[in-house]
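Trainee: Start counting the sequence shown at 31; every next residue gets the next number (our numbering). Yeah, the Cβ is synthetic: ideal placement off N, Cα and C, and Gly gets one too. Bear in mind that the values here come from a model prediction, so they are computed numbers and not experimental data. First, the structure itself, so that you have it in front of you.
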Amino acid sequence: MSPSPTVLLRSISSLAPRPVSQATRASILAYNKKSAFARFTQLPYSTMTGFQKIKVKNPVVELDGDEMTRIIWQDIKDKFIHPYLDIDLKYYDLGLEYRDETNDQVTIDAAEAIKKYSVGVKCATITPDEARVEEFKLKQMWLSPNGTIRNALGGTVFREPIVIPRIPRLVPGWKKPIIIGRHAFGDQYRAKDTVIKGKGKLSMVFTPEGGKPEEIEVYNFNGGGVAQTQYNTDESIAGFAHASFKLALSKSLPLYMSTKNTILKKYDGRFKDIFQEIYESTYAKEFDAKKIWYEHRLIDDMVAQMMKSSGGYIMALKNYDGDVQSDVVAQGFGSLGLMTSVLITPDGKSFESEAAHGTVTRHYREHQKGNETSTNPIASIFAWTRGLIQRGQLDNTPEVVSFAEALEKACIDTVDVDGIMTKDLALACGQTSRDSYVTTKKYMEAVERRMQKALKASL
């Protein structure tokens, strides 16, 4: 399948606060493939009305969440999912209260359901800290549900920006998406660390199965300090490589893998070597056929090149590097509210999509007071659409794919063509007045009107 369009195919109106150049727009539009919107409007009108919904052949696992995003999640279902789709949703409530009630078993069950049905869509969830434990009177400080699901499924988290020409980019040269693949396993995130309280010798010991202990002397402390031991596995690194190469092929984009192997010669060197071996043995011919490439680059060099580039590639990064750079890329493209996040397993059998942002607690507090809120729902809508696209591709139901891509386009057109946007996007455009943005409800209604307009255009 060709990559899903993430950039709208219309010109910016004269009202754009900071219009982009014709050259920039041409470059953005050139990146897009054939418009899914046209395919959507070619579907029979009866399919789009209440008389005959589009049939989603196999179930989708739905993981509900917390706070403001939970409210938005329900609105998305009411406006854009149930009216158009005949879909079997396997529902799991990952709201913090229910996770606590089930001792987090619901999160484990949800991950198993994704393994069974292949596709999951997830609302943003709270990862509790000390304050949340007290607020919700939790039994304990439960782990991040994202981490639990990642550990259960394995795979790689890929984050891709939603590019809207009207929204200024903090890095103006970024005209095409930069997709960050984060190896969501091991390294600092599963490390053991400790505070050294005095003088002494630090050693690392590995005991092979059936063998003698092997000791590596790390450092002789003359006083207090800190220490950390971290690890990764060949199996996980290889899975990371396969998922990255497969995504590059599916999107016809070059792939860069970055480490600091000049310093961590064995640790990072292992990542570099495994990627290279798998590329040469499995993917090189396919990459050549698509006229794309794979290259390893040092992380500091890659980040510098990223800032100078126009985009249009995938970066495969270790856990910490991917965590940091995905937020850099999100902000560089305009907003964390315009970033998709998908978890893909190496065998392609499990897929989970979600928004890259949190539960928007500050807005939820205002909502609880009865005040209006202007929360950007685009990434949450795209969590649904990316899951539906994957479901449609697995089931060979192009009408499901076309519907999802048309909904994405309606979201983007509402901002870029109509100039209707939430507060975060208005601020990104340099607009601070109240009439420059709308509430979440008004934005969703505007997207709904665009979808209805598409239906009428098909008659």
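Determine the direct distance from the alpha carbon of D116 to that of S365, and round the result to whole angstroms.
Mentor: S365 and D116: Cα-Cα distance of roughly 33 Å.
Trainee: Given a cut-off of 8 Å on the beta-carbon distance, is the pair D303 and Q260 in contact?
Mentor: No; because the gap between Cβ atoms is not below 8 Å, this pair is not in contact.
Trainee: Output the residue ranges of the beta strand (DSSP E) runs that lie fully inside the segment 254 to 332 and measure 3 residues or longer, sorted by chain position.
Mentor: Those beta strand (DSSP E) runs which fall completely within the segment 254 to 332 and span 3+ residues are 255 to 259, 285 to 289, 324 to 328.
Trainee: Three Cβ pairs or more, each shorter than 8 Å: is that satisfied between the segment 367 to 383 and the segment 188 to 205?
Mentor: In short, these stretches touch, since the Cβ pair count reaches three.
Trainee: Less than 6 Å between C-beta atoms, sequence neighbours within five positions excluded: which residues of the same chain meet that for K64?
Mentor: Low confidence applies to K64: its pLDDT is 41, below 50, so where it sits in the model is not reliable, and the reading given next is rough at best. Here the set comprises nothing.
Trainee: Pairs of beta-carbons, one from the segment 145 to 161 and one from the segment 119 to 126, closer than 8 Å: are there three or more?
Mentor: With the cut-off at 8 Å, the segment 145 to 161 and the segment 119 to 126 touch.
Trainee: Give a yes or no on whether the C-beta atoms belonging to M481 and L437 are separated by under 8 Å.
Mentor: Yes; because the gap between Cβ atoms is below 8 Å, this pair is in contact.
Trainee: Alpha carbon to alpha carbon, how far is T178 from A143? Give it in angstroms, no decimals.
Mentor: Straight-line Cα distance between these residues: approximately 13 Å.
Trainee: Compare the beta carbon distance of I194 and I450 with 8 Å and say whether it is the shorter of the two.
Mentor: Not closer than 8 Å, so no.
Trainee: Spatial neighbours of E252 within its chain, please: C-beta separation below 8 Å, excluding the five flanking residues on both sides.
Mentor: The sequence shown places Asn at residue 252, not Glu. Closer than 8 Å at the Cβ level, and outside the excluded window around N252, lie K229.
Trainee: Check whether the Cβ of E382 lies closer than 7 Å to any heavy atom of the ligand MG, and answer yes or no.
Mentor: Absent from the structure shown: the ligand MG. Ligands present: none.
Trainee: Report the rounded CA-to-CA distance for I293 versus L457, giving the unit in angstroms.
Mentor: Between I293 and L457, the C-alpha separation is close to 41 Å.
Trainee: For a minimum of 3 consecutive residues, which ranges assigned as the beta strand (DSSP E) are wholly contained in the segment 143 to 228?
Mentor: Whole beta strand (DSSP E) segments, 3+ residues: 149 to 152, 186 to 191, 208 to 212, 222 to 226.
Trainee: Between the alpha carbons of P113 and I267, how many angstroms are there, rounded?
Mentor: Using only the alpha carbons, I get a separation of about 42 Å.
Trainee: Which residue or residues does DSSP assign as beta-bridge partners of T469?
Mentor: Bridge partners of T469: none, in fact.
Trainee: When you compare only the Cα positions, how much space is there between F110 and K152?
Mentor: For F110 and K152, the distance between alpha carbons rounds to 16 Å.
Trainee: Do G203 and S339 have their beta-carbon atoms positioned less than 8 Å apart in this structure?
Mentor: Closer than 8 Å, so yes.
Trainee: Nearest to T375 by CA position, among K242, K146, K107, G185, is which residue?
Mentor: It is G185.
Trainee: Tell me whether M345 sits in a helix, a strand or coil according to DSSP, three-state version.
Mentor: M345 falls in the strand class under three-state DSSP.
Trainee: Grab me the residues of M78's own chain with a C-beta within less than 6 Å of its C-beta, minus the 5 sequence neighbours each way, in chain order.
Mentor: Caution is warranted here: a pLDDT of 46 is assigned to M78, below 50, making its placement in the model unreliable, and the coordinate value is therefore given only provisionally. So the qualifying residues of the chain are L485.
Trainee: Using the C-alpha atoms, what's the distance from I102 back to K87?
Mentor: Looking at the two C-alpha atoms, the distance is approximately 26 Å.
Trainee: Anyone know if the C-beta pair for D105 and M336 falls short of 8 Å?
Mentor: No, the Cβ-Cβ distance between D105 and M336 is not below 8 Å.
Trainee: Of the choices I197, T224, G269, R162, whose alpha-carbon is the least far from that of E97?
Mentor: Considering only alpha carbons, the answer is R162.
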